[in-house]
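Numbering (the working numbering), first residue to last: 15 to 160.
Dropping the structure here:
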């Protein structure tokens, strides 16, 4: 299978990490909507009660810096650098638009979800962090990253 064929098979929604985060949120009692195409960036998860958008970002597609799961392909490097740069610029624009609408943004990286799936303690800590962010009433920062 060529790299192009392989990359084309990567799912854009309902990925394992996304389904895992949704399961955790639901089990913690949070109601949400998924793939909200009426919001900038079409968040993977939107919690209307908390005006919070959650993006479960794949480390490769969103160029997670200093991540063990991100490695630039050796072939067609110029294309991938430009492609990933456009993705990160689009992500930043979407976060800005969400902020203008008064919506908090949480980015949960694929590597974090992978760790959460392996270690119960990590899962508990991250869910407590998400709960704290959602319950926060003072002025939130632009974006939270886990």
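Beta carbons are placed, not taken as given, at the ideal position from N, Cα and C, and that holds for glycine.
Less than 7 Å between the beta carbons of residue i and residue j, yes or no?
| i | j | result |
| --- | --- | --- |
| residue 67 | residue 119 | yes |
| residue 14 | residue 108 | Residue 14 is absent from the model: the chain starts at 15 and stops at 160. |
| residue 160 | residue 142 | no |
| residue 50 | residue 34 | no |
Note down the Cα distance separating residue i from residue j, rounded to an integer number of angstroms.
| i | j | result |
| --- | --- | --- |
| residue 62 | residue 44 | 10 Å |
| residue 27 | residue 48 | 9 Å |
| residue 40 | residue 58 | 14 Å |
| residue 80 | residue 128 | 16 Å |
| residue 157 | residue 92 | 29 Å |
| residue 105 | residue 70 | 12 Å |
| residue 117 | residue 133 | 30 Å |
| residue 137 | residue 78 | 20 Å |
| residue 56 | residue 111 | 11 Å |
| residue 38 | residue 113 | 25 Å |
| residue 76 | residue 29 | 15 Å |
| residue 65 | residue 42 | 17 Å |
| residue 73 | residue 131 | 16 Å |
| residue 126 | residue 46 | 21 Å |
| residue 115 | residue 36 | 23 Å |
| residue 52 | residue 83 | 31 Å |
Is residue i near the ligand ADP - that is, is its Cβ less than 6 Å away from at least one heavy atom of it?
| i | result |
| --- | --- |
| residue 59 | In the structure on display, the ligand ADP does not appear, and there are no ligands present to speak of. |
By the DSSP assignment, the beta strand (DSSP E) with residue i in it spans what residues?
| i | result |
| --- | --- |
| residue 68 | 66-71 |
| residue 159 | 157-159 |
| residue 60 | 59-61 |
Using the three-state DSSP reduction, which class does residue i fall into: helix, strand or coil?
| i | result |
| --- | --- |
| residue 85 | coil |
| residue 120 | strand |
Could you please give the first and the last residue of the uninterrupted alpha helix (DSSP H) stretch that includes residue i?
| i | result |
| --- | --- |
| residue 161 | Residue coverage of the chain in this structure runs from 15 to 160, which leaves residue 161 outside it and unanswerable. |
| residue 38 | 30-41 |
*Within the chosen definition, does the stretch 79-89 reach the stretch 140-151 through at least 3 CB pairs nearer than 8 Å?*
no
*Does the stretch 93-101 come close enough to the stretch 120-129 that 3 or more CB-CB pairs lie under 8 Å?*
no
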